[in-house]
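All the letters of the sequence shown, read from the start, carry residue numbers -20 to -1, 1 to 236 under mature numbering (1 follows the signal peptide of the UniProt record, and there is no 0). C-beta: ideal position from N, C-alpha, C; glycine also.
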Amino acid sequence: MGSLWGLWALLWGLFWGVRCPPPTPPRPVIVVHGLLDSARDFGRLQEFIAESHPGTNVSVLDLFDRGQSLRPLWVQVEGFRRAVGPIMANAAGGVHLICYSQGGLICRALLCTMEQHNVHSFISLAAPQMGQYGDTQYLRWLFPRHMKSNLYRLCYTALGQGVSICNYWNDPHHRDLYLNSSDFLAPLNDERLHPNASAWKQNLLRIRNLILIGGPDDGVITPWQSRCDPKNPTAALKAPRGPRDDPKGAQMAPKW
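Right under this line is the structure:
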């Protein structure tokens, strides 16, 4: 995770530097941790924001820490929804949302399913927005006896969908199984028809800025392009209907 802090520092400077004067009071910042992390792991980020922009209220949400982060993602989304609601209600000017790794997917699901959210900027740090397919330190620890080529046998079952990482396991070699079995990522990416697709899209478009950060060397998500680009050449993932294929989705591009 350390290699992301330099990128984050640069982005934070650009993001605030082009807005002069900054809002008064500063918009609160909500931070959502990733897989097997906890709120304590983000003390450095919290200190950095406090030093760079004194007076900013930073809330690192202490929910679904460590092993609890393996719970189904829709369960986690509901828990984080209850946590962010009061913070948003007390922020008339809106909030900034910073979400790391698996937390980036949780936050996007929050934005899609909250009709009246007031998130100004959504910053996704090394999050598997297009899914995970590859060996990482997390994967080898969680499933030491399963090669990535066989993990679909577990993930694309009712039992597997009870584990968070299986909710976004996107095996390009078993596309039909993914589309039919994925309870979380497939509907969230509008890869499978569902009645809330239009509403989720409009809810997401309420944000003013979408900022996606990732790279090949952070060791978090494989393939790394899953953080940013739906047209992933390394995993041959099918591009979903989304911002790049929809003129209205252009509203989600970062506005510097």
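- Remark: fewer than three beta-carbon pairs, one from each stretch, lie closer than 8 Å, so the region 42 to 57 and the region 66 to 80 are not flagged as touching.
- Membership of residue 143 in any alpha helix (DSSP H) is not indicated, and neither H nor E is assigned to it by DSSP.
- A residue is called buried when at least 16 other Cβ atoms come within 10 angstroms of its Cβ; residue 96 does not meet this threshold and is exposed.
- Assigned with DSSP and collapsed to three states, residue 161 falls in helix.
- The C-alpha of residue 156 is placed about 45 Å away from the C-alpha of residue 27.
- Residue environment analysis places residue 153 among the exposed positions, since fewer than 16 neighbouring C-beta atoms fall within 10 angstroms of its C-beta.
- Taking the Cα of residue 114 as reference, the smallest distance to any Cα among 146, 91 and 17 is reached at 146.
- In this structure, the straight-line span from the alpha carbon of residue 139 to that of residue 130 is close to 15 Å.
- Around the C-beta of residue 105, 16 or more other C-beta atoms lie within 10 Å, and the residue is accordingly described as buried.
- The beta carbon of residue 134 lies closer than 6 Å to those of 140 in the same chain, with the five residues before and after it left out.
- Spatial neighbours of residue 144 in its own chain (CB-CB distance under 8 Å, excluding positions within 5 residues in sequence) are listed in chain order as 15, 49, 50, 51, 52, 53, 56 and 82.
- Judged by beta-carbon spacing, residue 80 lies within the 8 Å limit of residue 13, meaning their Cβ atoms are closer than that value.
- In the three-state DSSP reduction, residue 101 falls in the strand class (E or B).
- Distance check between residue 163 and each of 30, 89, 25 and 6 places 89 closest, using alpha-carbon atoms only.
- Per DSSP, residue 189 is one residue of the beta strand (DSSP E) stretching across 189 to 193.
- Rounded to the nearest angstrom, the gap between the Cα atoms of residue 61 and residue 91 is 9 Å.
- One thing to note: residue 77 has its Cβ within 8 Å of the Cβ of residue 102.
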